[in-house]
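Residue numbers (UniProt numbering): 1 to 1014.
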């Protein structure tokens, strides 16, 4: 045994000058294996220390542990007669270092014990664990007034190993006091307890430091000193290895650590975890996946066996090769097709290899003059595919020469010639009395990959006699005040010798009184007409087979009487016309201004406002659960904790980022609360570096959402506010926002399904209205939809301010909200009520039925305000039930008191769902914008110069020839087209029908916009 102070033989007195203690029992013999004995109280402490030594936790790294140092610690005591080192060994002869001091009899003690230089190994925050014992001053003889029961601990940072440090350079860590002190009685009973205290220091900025212990008059034995830092130990999670990571200097800091994929694994999103200050891994983001050809088993990536494959890292496991394919190698990412079987590049590798289909069967024909209708049965063998379509080849045959030629471009195929999905087709505009051969070929996705022969069935037909096709090209000649001269060309398909032409004409809007002229020539002059009048002309040709159909309508106007007069005579007339026009314009403007003032006179008091009462500073509606504005709380945190449940961050697993919000990322993940099943959730996170205002605004939405409990309102699971990052956790809606979902699934739902979506939204809004909450931003983009097509209202708590900008848009922290969803009174007076929400609901109805179409299309916000103010309303979407469109119009009543309440809307939709036949009556498409063209001029004016240009602009140029051949050669004629006309013309694809009708509707809306007075 060695000591830094003088040694005496035999037993020593315990600190404090107590009497000599009796010999130690044999059970403590291990403490006396050294040549000299230590005092008995020291030995007891050493043995107690040995019994309490435990291995350090795996997330703690020791920089110094006096219990494990085999040689000299090298610590310095100052003054030398202060702290005394007692060196002992245990039963295994391992040294035990103990320092003691007990100068309680002397005043003004200042005894220092300095450690050697300790490297911090890069850690910026370290911990010091002390194990010591301390004697109770009251147990000392005489109750010394100079005795202390505490000591001090200091540190000094240094990049070098040198001890020329002055006392005043040390920084105090803390004053250390004992939880348990011992007395002389304790020494006799051998029940003395060891004190353990832990302190932390940081942030450290230099390479190392010294520790110092100051005694100011206590009786202390320092048994062990352990200095350590914390780390997050290396771990493998989701096939990603995360290295040892030293914790940060801040006790609340989370360090983001990137992982590395191991063992044949890859990632789309780099795996990350966060190292907490306590050395724990938290908030995993991203993961690694076994790459193609490998599957995850027992935490590692194992190779796919022969006969199995894995095409993508996103696949869970290796799959057996699909039918008619094979692989003989390990780690295969795809399987090879057998002979005569094929796979397209677009086919998924999990799909079986397929082959071309057999020929169609049992083809039959039906000839009607120069039209042929073909019908057949699908092939017996589709080749294992569902994408079977048909191609029609047409050949015109000379029965005498036995030669067949291609039919040419004049033949039309209804609905189409290539890519035909149904098992019937009609060929029109064939030649009369002609032999034709039609080949119906079945093809599928791999037909072009097969070198085999074509699989088709042939049908031979002969056309009959037919009437001539319509006259399409009519030109005006000389026009006078009482006559109009016209000329035209022979029909493109006369189908025989033209015997004569019949010309029908009448004064516009007088169709019941018309005149017929017959001519063998291609020119006529109609006389006896009225000056300055518009006349409509139609022409048809006659052959031996009879009359063809009349051409489309051509309009021409006779010149007025005064047009032939001199320029001098026109001056008074022009002057009078201008004067009258100015007067009329002034009258109209005056009327509009007076009407506008009348229309925006002081509004009636809102009936809802009359029902409101105040209770504890909050608006409260009698008889219902009432929404409480969280901004009325002086402390916003009180509102959060009153309405939202706090969730432990450890219960949340973040899986992937699905979007970006205003305050941070939006993620999907899992929530596992104790005693409950795991749930999929959406997680909004508050980004690092937020201000207190941002935190308050972020949690404000949770304070609102937490007050609602309804199956059609997005459900708040809870919030995370006591750790970082701050989170809002809600239920997860698989299909996202309603407008995006509808656009992706255009035309895929039945009317009942759409009405079911609308019913859910209305039920949610009824609940909010009953609670006294006004949403103010109801739109399809703010409705979320899950995998069961259940719609839920979302987006709460955004403040809105009306700006005086040209777009008149409401500004929110989420961006600008277009006024096209906003009720007129809310735009004019900022009057937001449940009635203004009903207006917005009508717009949402229109969005749903039109599958996410933008309301008012490309009209500007100012034009929308102007048009709505003058009474314009959105037209009915295509194929919209009349009952739904009438409900939309009811929601758009200018007088907000005339709009239905949400409970009435729910009841009405329930009746429609119970009686589906009431949804079969559709709005007449041809009556949506009545008589616009007749009253206000050409639709195509200033828009498209020709029908072909218009069709090319909307990517429907394939139908240009069909429109022209059927008499739709101008935009005025096209404006009259209805949905039935499109089907008759052979536009059978629903998507193409919708695109054409929407384009026409948009142009009509633009025409309405031009009609609205400024």
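Note that CB positions come from ideal geometry on N, CA and C, so glycine has one too.
Bear in mind the structure is a predicted one, so any value in this text is a computation, not a measurement.
(message) Which of the three DSSP states is assigned to residue 285 in this structure?
(response) strand
(request) Give a yes or no on whether the C-beta atoms belonging to residue 669 and residue 683 are separated by under 9 Å. (result) yes
(message) To the nearest angstrom, how far is the alpha carbon of residue 165 from that of residue 283?
(response) 44 Å
(request) Can you have a look at residue 567 and say buried or exposed, based on whether 16 or more other CB atoms are within 10 angstroms of its CB? (result) Low local confidence applies: a pLDDT of 44 at residue 567 is under 50, so the model's placement there is unreliable, and no value is given.
(request) Go to residue 767, then tell me how far its alpha helix (DSSP H) extends in each direction, as first and last residue. (result) 751 to 770
(message) I need the DSSP call for residue 907, collapsed to helix, strand or coil.
(response) helix
(request) Kindly list the residues whose CB is nearer than 6 Å to the CB of residue 393, restricted to its own chain and excluding five residues on each side of it in sequence; keep chain order. (result) 439
(message) Across the stretch 780 to 793 and the stretch 725 to 742, are there enough close Cβ pairs to call them in contact, namely three or more that are closer than 8 Å?
(response) yes
(request) Note down the Cα distance separating residue 967 from residue 506, rounded to an integer number of angstroms. (result) 19 Å
(request) Note down, in chain order, each residue of its chain lying with its Cβ closer than 7 Å to the Cβ of residue 253, except the 5 sequence neighbours on either side. (result) 277
(message) Going by DSSP in three states, residue 821 sits in which element: helix, strand or coil?
(response) helix
(request) Find out if the Cβ-Cβ distance for the pair residue 459, residue 437 is shorter than 9 Å. (result) yes
(message) For residue 860 and residue 820, what's the separation of their Cα atoms in angstroms?
(response) 9 Å
(request) Would you verify that the beta carbon of residue 513 is, or is not, closer than 9 Å to some beta carbon of chain C? (result) Among the chains in the structure shown there is no chain C, since it carries only a single protein chain.
(message) For a quick check, are the C-beta atoms of residue 396 and residue 368 less than 9 Å apart?
(response) no
(request) Count the other C-beta atoms from every protein chain shown that fall within 10 angstroms of the C-beta of residue 730, then say buried if there are 16 or more, exposed otherwise. (result) buried
(message) Can you tell me whether residue 421 is buried or exposed? The criterion is at least 16 other CB atoms within 10 Å of its CB, across all chains shown.
(response) exposed
(message) If contact is defined by three or more beta carbon pairs under 8 Å, each pair taking one atom from either stretch, is the stretch 628 to 639 in contact with the stretch 651 to 664?
(response) no
(request) Tell me, to the nearest whole angstrom, how far the beta carbon of residue 330 is from that of residue 305; I am working on the premise that it is less than 8 Å. (result) 7 Å
(message) To the nearest angstrom, how far is the alpha carbon of residue 469 from that of residue 370?
(response) 10 Å
(request) For the stretch 299 to 354, list the beta strand (DSSP E) runs that are entirely contained and at least 3 residues long, ordered along the chain. (result) 300 to 303
(request) Can you give me the Cβ contacts of residue 649 inside the same chain, cut-off strictly under 6 Å, excluding the 5 residues immediately before and after it? (result) 720 and 723
(message) Counting C-beta neighbours from all protein chains within 10 Å, is the total for residue 508 16 or more, i.e. buried, or is it exposed?
(response) exposed
(request) Classify residue 411 as buried or exposed, calling it buried when 16 or more other Cβ atoms lie within 10 Å of its own Cβ. (result) buried
(request) Report the residue from 775, 848 and 858 whose alpha carbon sits nearest the alpha carbon of residue 831. (result) 775
(request) Have a look at 209, 867 and 908 and flag the residue whose alpha-carbon is nearest the alpha-carbon of residue 883. (result) 908
(request) Starting from the C-beta of residue 240, find all residues in its chain whose C-beta is less than 6 Å away, skip the five residues before and the five after it, and write them out in chain order. (result) 259, 261, 271 and 288
(request) Write down the C-beta distance between residue 531 and residue 482 rounded to the nearest angstrom, noting that I regard them as a contact closer than 8 Å. (result) 7 Å
(message) Assess contact between the stretch 92 to 108 and the stretch 195 to 209, defined as three or more Cβ pairs (one per stretch) separated by less than 8 Å. Is contact present?
(response) no
(request) Would you kindly report the start and end of the unbroken beta strand (DSSP E) that includes residue 376? (result) 371 to 377
(request) Pick helix, strand or coil for residue 704, following the three-state DSSP scheme. (result) helix
(message) Less than 9 Å between the beta carbons of residue 1016 and residue 765, yes or no?
(response) In the structure as shown, the chain begins at 1 and stops at 1014. Residue 1016 is therefore absent and cannot be evaluated.
(request) For the beta strand (DSSP E) holding residue 890, just list the boundary residues, first then last. (result) Unbroken run through residue 890 is the alpha helix (DSSP H), 882 to 891; no beta strand (DSSP E).
(request) Would you list the residues sitting across from residue 200 in a DSSP beta bridge? (result) 127
(request) Tell me whether residue 218 is buried or exposed, calling it buried when 16 or more other Cβ atoms sit within 10 Å of its Cβ. (result) buried
(request) Check the C-beta distance from residue 128 over to residue 198 and give it rounded, since I have them as a contact under 8 Å. (result) 7 Å
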